[in-house]
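Reviewing the structure listed below.
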Amino acid sequence: MKLEKWNTFFTAFLLQILSCTAGEVGIIESIQLKNFMCHAMLGPFQFGSNLNFVVGNNGSGKSSVLTALIVGLGGKATATNRGSSLKMFVRDGETSADITITLRNQGRDAFKPEVYGSSIIVNQHITLDGSRSYRLKSKSGTLISSKKEELIGILDHFNIQIDNPVSVLTQEMSKHFLQSKNEGDKYKFFMKATQLEQMKEDYSSIMKTKENTCIQIEQGVERLQELKQLYCEKKERYKSIAFVNDMRKHLEDLKHKMAWAVVNVGEMEKEIQPIREGIRAEEGNTEKFVQKLKECQVLKEAEEKYKEIQEKLLTINEEAQALHPQCISLKADLQTRRKAVSEAEVLYNRSKTELKHLGKDDEQLRTRIEELKTNQVSETEKLERQRKITYLRGQLKTFHGEEIMIGQQVDQFHEAISKCKEEQTRLRREDCDTKQALNAKEKQLRDLKDSRTNTLKRFGSYIPAFLEAVETAYRQGRFKHKPIGPLGAFIHPKDAELTLAVECCLKNLVQAFCCDNHSDERTLQLMMSKYYPRGFRPQVIVNKFQNDVYDVRHRGVHHPEFPSVLTALEIDHAVVANCLIDVRGIEKILLIKSSCKAREVMQLNRPPQNCREAFTAEGDQVFERRYYSSNYLRPKFLSKDIEAEIRLASLICKCRSPFILHFNLFCQEEEVEENKGKMESVKKDMQQQSRKMEELKNTLQLTEKKLEEIKEKIHQVEEIAGPIKDVLNQADSEVENSKRRFQHYEEKQKEHLACIKKHKELLAAKEKELEEKTAQARQIYSERIEVSRTVKSLDAEMNRLRERINSENDRHGNREEIVQQFHDAKERYEDANSKVKNLKKFIRLLEEIMTQRFKIYRQFLRLLSLRCKLYFDHLLRIRACSGKILFDHKNETLSITVQPREEDKADHNDVRSLSGGERSFSTVCFILSLWSITESPFRCLDEFDVYMDMVNRRIAMDMIFKVADSQHHRQFILLTPQSMSCLPTGSHIRILRMQDPERGQRTLNFQNRNNKEEDE
């Protein structure tokens, strides 16, 4: 009966969900990533409003999309479990990353629809230093805000809980909570999903604040009693000082009278009157001095005459001054030209010397050419070279005859010369490369010849001495186990035709050494630094030594026609075989002589089991989808035919020696031609310098002639200026006499005016003093008072009043202080009393609210737990299973028990005892149960169907379809690497397929096969 009741309740709950409409706010419309994690560009991904599947292989970027959703909506880097800092999400080699998320903003619950429109675009920019910035845009792309507070407001409005593990459940969060053996972790997961944990923390913080407030109230009540007592004392003192006010008012009246008595305006006005009369008398005498100055106006006539003569003299002086700079300039020009002549002579002599040196170089080069010609190996080549030189000399004579006629083609020849120089540089570079290659081949030839007696010298001439030093160090106890190497000395191809294939497969491992432990590896590295040249030190592999070869029959490749690298080699030492298996995986690599056959085996058909790659006889590397050609033509270390290698190296050295000799001859001839050009250039420079010297000498003569003419002109001007200076001196004497008389009367007038000014200043000072004292008196009392009493009598009466007031103040205290203290005490008491009352009222209200809140919190906790249990039980019954969720709210634990079949309901097992598929199915049921009690516009789940068999996966998918179909107002985003080809079609289902990751590489890393790849 009870079960039927709950089934009825659950059916009604589902019908309520079915009545919801499609989501209008908060769901994700699209996501786009740029330079995020290991992806240059992902998206934009357009999500549907209901059920979305993101399908793709591992490494395609599914989890990157989920991580970007958390970070892009303001989540911390640690919440993604993908990194401890935001800068770790920036793609290697880039300086920043961008995340763009579009949220739906429609319907009546839209956030500022008049500003953002029907969509909100959230763009986040992450820099390499770990900082990030937000750009919130409208649907049209207009920037609205760049503040994080605006984004928080949007998330709160849409009820998006980005830190809720049920809203966005990553693989790491699932492992931590859902697959944890600790029942407390599951309970924490439940509390986080329902936001009850946040409510609990908020309530604890509120209660702590309440306790602190109660302590403050107790302290405030004690302080309030002290303030009340102080207020009563100040109030009594305030009432006892009222009669002193009358005496204070009378004292103020006396102060007003004293202010006007001190000023004594009448006396100061009597002192000012005589000063004014004296100023008027002095101003009447000013006319006498003006008349005397008019009589001295004769001075103007003398001044005019003086000015006329002075102007003439100035004109003459200006002419002389104008000629002086020209004279100085010509002198400087003369010195410059003399210096230029000297420099031209020096340059001419230097060019002459350079021409001699070039002539000597030409002779030496010709001698060198003859020597090179005599060193030619073939007589035919000598004759051909002599014929070519004779022909070139004839051509040279022809070119000399045509040199004057083709002067207009100089620019074209310059371009040709540049190209020739580039060609010469290229040939010299090729010569250098050829010499280096020849030296390398000669060294290889020497090593091959030495290897006739000692095969170890094929790995380097220093290898025998190095191995002897290792043997000595081992005998001395410096190694725990003797290092083994080079590895190529211990391996021998069974088929000689596969030697190049084996060497291309192993590459640098042929020269590598193997150590048992890291201590021996460090000792070996130290010894290598003494014997190996810089840059040629081989790899040292640390691998525990074993006496037996690994048994790789269960994981090696077996082909009826072609051998693996392991079976194609004879390996002298078990440690070497084990090392190559660990480092290179030679048991999984096939050797196929024909490249066509290799393509057929590896690419046209499915590769053999356990086969990772293959190599052809030419050394080409073949993968399932890729083919890499080899750059090697012959084996270097593993070849058995030493004599053939020696003959080939000798032949290459002989072929390259004549080429180098020819090239040296060509370079010397080119240098001869270049010296000829330099000699012609120097001759032309000498001719130009000679012409320039003649021009400078002619200019020097003209400049000296012009300098003499200017000196003559200056002499003529000085003769004219003599008589004018005499007349000017006479006029100057008359002007001086008139100036002295004018100056005498002018000084008298100044003294008279100074006296008037002094009296006026005295008058102004007296008037200012009167005005200031009047202003001071008005500051004390604005109306003028005619005082008949003296200052002394007023002062005596004021002193008597002050003494009485002071005596009263001594008895009662200072009145102003008493009044101020009374008002201060009253204000403090009333303020403290008001605060205590308000705090008590607040505490009572807070207690009522928190009591009600705790009651609702417990009810809410029970209801959510019950809804989760019922939904979980309902979902298990779909698969004919039974189970339950047990909540222990006191100990904060949550346990899940599941019985796979109905037959034995009494025996419920923990989810850890179930199979992988059943455990994943029960986990999905638990997540769906939490979804039913969680409010969020979207749910994201990463790899929900991992470890499920097809039956459990089908049932879980059906449950998710039903939940999504019944909740059109919510969005579901499910990430899976599995194929979704069997999904039903529907308008509410959208499948987003990720592109396969680019994992191709041209070179292989032989460091450690067990290194983990970067998480997708």
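Under mature numbering (1 follows the signal peptide of the UniProt record, and there is no 0), the residues of the sequence shown are numbered -22 to -1, 1 to 994, in order.
Beta carbons: idealized from backbone N, C-alpha and C, even for Gly.
Annotation: the continuous alpha helix (DSSP H) that includes residue 483 extends over 477 to 484. Contact annotation, residue 535 with residue 565: C-beta distance approximately 7 Å; criterion of less than 8 Å satisfied. Nearest in C-alpha terms to residue 738, of all of 83, 254, 152, is 254.
Using a Cβ distance threshold of 9 Å, residue 948 and residue 193 do not count as a contacting pair. Linking residue 480 to residue 613 through their CA atoms gives a straight-line distance of about 9 Å. When the Cα atoms are used, residue 501 and residue 550 turn out to be separated by approximately 25 Å. In this structure, the beta-carbon distance from residue 191 to residue 58 does not fall below 9 Å. Judged by pairs of C-beta atoms under 8 Å, the stretch 436 to 453 does not touch the stretch 528 to 544, as fewer than three such pairs exist. Just measuring C-alpha positions, the residue of 580, 197, 48 sitting nearest residue 817 is 197.
Between the stretch 8 to 18 and the stretch 60 to 80 there are three or more C-beta pairs closer than 8 Å, enough to call the two in contact.
By the neighbour-count criterion, in which 16 or more other beta carbons inside 10 Å mark a residue as buried, residue 466 falls on the buried side. Residues of the same chain with a CB within less than 7 Å of the CB of residue 806, apart from the 5 flanking positions on each side, are 205 in chain order. A contact is defined here as three or more CB-CB pairs under 8 Å, and the stretch 470 to 489 meets this definition with respect to the stretch 588 to 597. When the Cα atoms are used, residue 920 and residue 113 turn out to be separated by approximately 28 Å.
Between residue 968 and residue 35, the beta carbon gap of about 19 Å keeps them out of contact (Cβ cut-off 8 Å). Take residue 814, set aside five residues on each side of it, and the residues of its chain with a beta-carbon closer than 7 Å to its own are 195, 198, 199, 202, in chain order. Comparing alpha-carbon positions, the option among 257, 20, 545, 227 lying closest to residue 470 turns out to be 545. Assignment of residue 304 by DSSP, reduced to helix, strand and coil, places it in the helix class. Counting only runs that start and end inside the stretch 137 to 190, the alpha helix (DSSP H) elements of at least 4 residues fall at 161 to 171.
In the DSSP assignment, residue 574 falls outside any beta strand (DSSP E) and lies within the alpha helix (DSSP H) extending over 573 to 577. If you look at residue 24, you'll find it in the beta strand (DSSP E) that goes 17 to 24. Between residue 850 and residue 907, the gap from beta carbon to beta carbon is short of 9 Å. In the DSSP secondary-structure assignment, residue 471 is bridged to 547. Ranking 79, 776, 27 by CA distance to the CA of residue 43 puts 79 first. Residue 781 and residue 225 have their C-alpha atoms spaced approximately 11 Å apart. At least 9 Å separates the beta-carbon of residue 537 from that of residue 574. Contact annotation: the stretch 552 to 565 does not touch the stretch 600 to 610, with fewer than three C-beta pairs closer than 8 Å.
Here residue 935 is buried: its Cβ has 16 or more other Cβ atoms, across all protein chains shown, within 10 Å.
Assignment of residue 454 by DSSP, reduced to helix, strand and coil, places it in the coil class.
Sequence-distant partners of residue 104 (beyond 5 residues in either direction) whose C-beta falls short of 7 Å from its own C-beta, in its chain, are 64, 67, 68, 74, 75, 110. Cα atoms of residue 234 and residue 772: separation of roughly 10 Å, rounded to the nearest angstrom. Annotated three-state conformation of residue 78 is strand, per DSSP. In terms of CA proximity to residue 943, 964 leads the group 964, 929, 49, 25. Around the beta carbon of residue 306, fewer than 16 other beta carbons lie within 10 angstroms, which makes this residue exposed. Apart from sequence neighbours up to five positions away, no residue of its chain approaches residue 728 with a beta-carbon distance below 8 Å. In its chain, beyond the 5 residues on either side, 44, 47, 48, 140, 918 have a beta carbon closer than 7 Å to the beta carbon of residue 146.
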